[in-house]
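Here our numbering = 1-based position in the sequence shown + 14. Ideal placement from N, C-alpha and C gives every residue a C-beta, glycine not left out. Values in this document were obtained by computation on a predicted structure and should not be read as measured data. In what follows, a structure is listed as structure tokens, so that the remarks can point back to it.
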Amino acid sequence: ILAQLQGRYPEAENLYKDSLAIQRKLGNQDGIASSLGQMGLLAEAQGNLAEAEQFLVQALEIFQKLGAPDTATVHRALERVRRKKDDGGATQA
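Encoded structure:
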């Protein structure tokens with residue numbers, strides 16, 4: 015997260031991918047969802063809204079299955095990304 019906050023996006027992406035791989039290997043569903051959520055936020059920060067949406071949808075599905083408290087946070091992030099996509103689509107039309 016620190017690398018992302020400092021604008022070191024390529025480094026942050028690699029760290030999130032590593033984290034996701036570890037969480038998948040461990041079978042830690044909460045960790046998988048958290049990593050996917052962070053990857054979604056990173057993609058959003060870089061303006062990659064379609065990619066952000068994909069990651070956030072995956073994270074949301076897992077958090078919902080777990081009944082995790084992070085469900086609401088990811089849902090809000092997903093809605094924000096979708097609004098940005100809609101706004102961008104409207105301005106390009």
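Leaving aside the five residues before and after residue i along the sequence, list all residues of the same chain whose C-beta is less than 6 Å from its C-beta, in chain order.
i: residue 51; result: 73 and 88
i: residue 65; result: 57
Are the beta-carbon atoms belonging to residue i and residue j less than 9 Å from one another?
i: residue 69; j: residue 82; result: no
i: residue 96; j: residue 67; result: yes
i: residue 63; j: residue 99; result: yes
i: residue 71; j: residue 55; result: no
For residue i, collect the residues of the same chain with a Cβ closer than 7 Å to its Cβ; drop the 5 residues on either side in sequence, then sort them by chain order.
i: residue 29; result: 17
i: residue 45; result: 37
i: residue 104; result: Caution is warranted here: a pLDDT of 41 is assigned to residue 104, below 50, making its placement in the model unreliable, and no coordinate value can be reported.
By the three-class DSSP mapping on this structure, what secondary structure does residue i have?
i: residue 83; result: coil
i: residue 52; result: helix
i: residue 28; result: helix
Please decide whether residue i counts as near chain D, where near means a Cβ-Cβ distance under 9 Å.
i: residue 82; result: Reference to chain D is not applicable here, since this structure consists of a single protein chain.
Is the region 15–28 touching the region 42–51, taking contact as three or more C-beta pairs under 8 Å?
No: fewer than three Cβ pairs fall under 8 Å.
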